[in-house]
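Add 329 to the 1-based position in the sequence shown for the numbering used here, that's all there is to it.
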Amino acid sequence: MDSDNLNNEAVKPDSSRVSGTSARLADESSSSSSRNSQSSQTSPGQNDIDDSTNVTSASIEPGFSLLPLLFWPIYLVFAITRASFSTIMKIANLNKNSDHSSETAYSQIRNSSSFDGPSDLPESTSSSPQNSAKEWLLSLNPSNNLSFFSGDYGEALQVSKRNFQALIVILVSELKDDAKRLFPVLSNPELINYINDTNTLVYFNSVLEISGLHVAQTLMAGDMPFIAILAPKFDTETNSFKLSVVSRLDGLPTNPENDIGFVYDFINRNIERHNRILQNARREQEERARARTLREQQDLDYHASLERDRIREMELREKERLKAAKMEEKARRKENKILLNKQKRDWRVFTKNTVFNIDEPVGSPSDGVCVLSIRLEDGSRIKRKFNGSDSIETVYMYVETTKLCEEDISDFYSDFPNFSQNQNSGKFPAMPESIKNYKHKYDFNLVVPYPRSEFEPSQESIRECLQRVNMYPSALLMAESNNDDDDESSEEEGDE
């Protein structure tokens, strides 16, 4: 072997010492053969060891191997995994055992008749919104107490953060006699007034309740009764307020006489330290709320103004539309009136040249002739003879023809050049186009003044009408307006 060669080179003994040593070893082997044989069985490696005073034996070195180096990372990962898994299992079992033990202990204590403590412990309210710790406190200490927050712990945190209020968390254990020491503290008028004046929330619960136990675990409460003061603190990283525990009190002092003063100083000192910050935060919040309310009110006013402007604009457009409609209606009525007046003119000219183109009849009443005196609307009078057999409408037609003037006649012949004034013989070439579909409407009524009697335009003869009022063969008639044109004129004047 190479290692044996290296050892032999490192030792290098001389020949005289080697021969002496060999003779000595031979004598020892002959005198104690039995001992050498036993020692060779128990420790066979000692045959290679020489006397240290005479010869230096060569050291035996182990051989080099790569297997430990290759398997070392695997061993390390396995060890870390096993340790982590063991730790997780221990934590899970610890939490499960703590919850189970707390529920079991609390239920056993409540149901035990030999429990030497408050006899008025309430029923468990883990599934009820009520807080049994408050009921227990009020049952044993009915005097004035602090006003406790009615919601759960999460709601108290939300209200405290939202309203920038300090939050006092009080946890008790009804199983400890120190819990009763809180009675005079919580009913102290000075403390009650201070907490009310500073607008501080107070959350009260028992660690014997599941909810109270969770709060105690969250705040890592120690001895009972436990008091913690939480307040919103500004976080520069998030640029917002976060709720933090500013101070905590695990248990009461050993001297019960100092409970009220100690707790009051503890609460006063910590709340006053953060009260100015909370007041400033509340003030800023109120200012933001006022600014938001002002903006909302301004937005409402702006939208209301826009709505008023929109309504006003709609009203103006509606007025303009109505005005335009009235103007259009007025123009239409004016145009219709012009057309109607033209038709009346054409009808009167046509009637005069076809019906009254001959002279009035002559003769006496025995000849069937009657005399009518008619007072017109303008106060003038006309007198004419008619045949008694003529219709009463003929009288209406005659009165209409008296309304013609020279200008109307000349305008008619200007509009109808085919009609010559020399043709006033009652033989017009044809009826004018303007009155082919025209039905004349009389704007007056013929009446007898006394006894008053009105004659409608009809085909009834003049003789029959006058005989009905005993005025034949002569009568005085009046032409009274029926006010149709007057109404139209008044409407036009009102529109203007």
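Every residue, glycine too, gets a C-beta built ideally from N, C-alpha and C.
Own chain partners of residue i with C-beta closer than 7 Å, once the 5 adjacent residues on each side are dropped
i, result
"Val544", "Tyr482, Val498, Leu500, Asn534"
"Ser479", "none"
"Phe745", "Pro761"
"Lys505", "Met553"
"Gly692", "Val698"
Neighbourhood of residue i by C-beta, 8 Å cutoff - its chain only, sequence neighbours within 5 removed
i, result
"Ile403", "none"
"Ser787", "Ser720, Ile721, Glu722"
"Asp356", "Confidence at Asp356 is low in this model, with a pLDDT of 46, below 50, so the placement of that residue is unreliable and no value is reported for it."
"Leu520", "Leu475, Val514, Ile589, Val592, Tyr593, Ile596"
"Ser702", "Arg710, Ile711, Lys712, Ser803, Ala804, Leu805, Leu806"
"Pro780", "Val798"
Pairwise C-alpha distance: residue j and residue i
i, j, result
"Trp465", "Ser540", "16 Å"
"Ile721", "Leu733", "20 Å"
"Asn682", "Cys794", "26 Å"
"Val592", "Thr529", "15 Å"
"Ala618", "Leu572", "21 Å"
"Arg713", "Ser763", "30 Å"
"Leu635", "Glu625", "15 Å"
"Arg611", "Ile600", "15 Å"
"Tyr742", "Val724", "25 Å"
"Ile791", "Lys673", "24 Å"
"Asn587", "Leu623", "51 Å"
"Cys699", "Tyr801", "7 Å"
"Asn686", "Val678", "10 Å"
"Met807", "Lys765", "30 Å"
"Ile667", "Met643", "35 Å"
"Gln614", "His632", "26 Å"
"Arg637", "Asn812", "45 Å"
"Ala434", "Asn492", "Legend: pLDDT at Ala434 = 35, less than 50; position of this residue unreliable, no value from coordinates given."
"Ala620", "Leu629", "14 Å"
"Glu566", "Asn517", "40 Å"
"Pro778", "His769", "25 Å"
"Tyr771", "Asn670", "12 Å"
"Pro582", "Gly551", "14 Å"
"Lys659", "Gln796", "46 Å"
C-beta contact flag for residue i and residue j at 9 Å
i, j, result
"His603", "Val574", "no"
"Asn597", "Tyr532", "no"
"Leu607", "Gln494", "yes"
"Met553", "Gly580", "yes"
"Leu705", "Thr680", "no"
"Leu578", "Ile556", "yes"
"Ile417", "Pro513", "no"
"Gly809", "Val776", "The amino acid at residue 809 is misidentified as Gly; the sequence shows Glu. Yes, these two residues count as a Cβ contact at 9 Å."
"Phe715", "Glu736", "no"
"Phe563", "Lys490", "no"
Boundaries of the beta strand (DSSP E) in which residue i is found, first to last residue
i, result
"Thr499", "A small correction: the amino acid at residue 499 is Ile; Thr does not occupy that position in the sequence shown. 496 to 501 is the span of the beta strand (DSSP E), which, as asked, contains Ile499."
"Ile764", "Careful: Ile764 lies outside any beta strand (DSSP E) and carries neither H nor E."
"Cys699", "698 to 704"
"Phe741", "Where Phe741 is concerned, there is no enclosing beta strand (DSSP E), although the alpha helix (DSSP H) it sits in stretches over 735 to 744."
"Leu530", "530 to 535"
"Gly713", "Correcting the residue identity first, residue 713 is Arg in this sequence and not Gly. That run of the beta strand (DSSP E) goes 710 to 716."
"Leu559", "555 to 564"
"Leu572", "569 to 579"
"Phe478", "Note, Phe478: premise wrong, no beta strand (DSSP E); not H, not E."
Buried or exposed by the 16-neighbour rule on C-beta atoms within 10 Å, applied to residue i
i, result
"Asp696", "exposed"
"Tyr727", "buried"
"Gly826", "Only positions 330 to 825 of the chain appear in the structure, and residue 826 is not among them; the question remains open."
"Trp401", "exposed"
"Pro585", "exposed"
"Leu423", "Unreliable placement is indicated for Leu423, whose pLDDT of 46 sits below 50; the coordinate value is still reported in the next sentence. Exposed."
"Asp675", "buried"
"Ile558", "buried"
"Ala408", "exposed"
"Ala653", "exposed"
"Phe748", "buried"
"Phe414", "exposed"
"Glu616", "exposed"
"Glu503", "buried"
Residue i - containing alpha helix (DSSP H), residue span
i, result
"Asp628", "588 to 683"
"Ala514", "The identity of residue 514 in the sequence shown is Val, whereas the question assumes Ala. From DSSP, the alpha helix (DSSP H) with Val514 extends over 511 to 515."
"Glu519", "518 to 526"
"Ser540", "539 to 548"
"Asn492", "482 to 492"
"Leu795", "791 to 797"
"Met726", "721 to 730"
Other residues of its chain near residue i: CB distance less than 6 Å, five sequence neighbours each side excluded
i, result
"Glu783", "Asn774, Val776"
"Ala560", "Ala495, Val575, His603"
"Ser455", "The predicted model places Ser455 with a pLDDT of 37, which falls under 50 and marks its position as unreliable, so this point remains unresolved."
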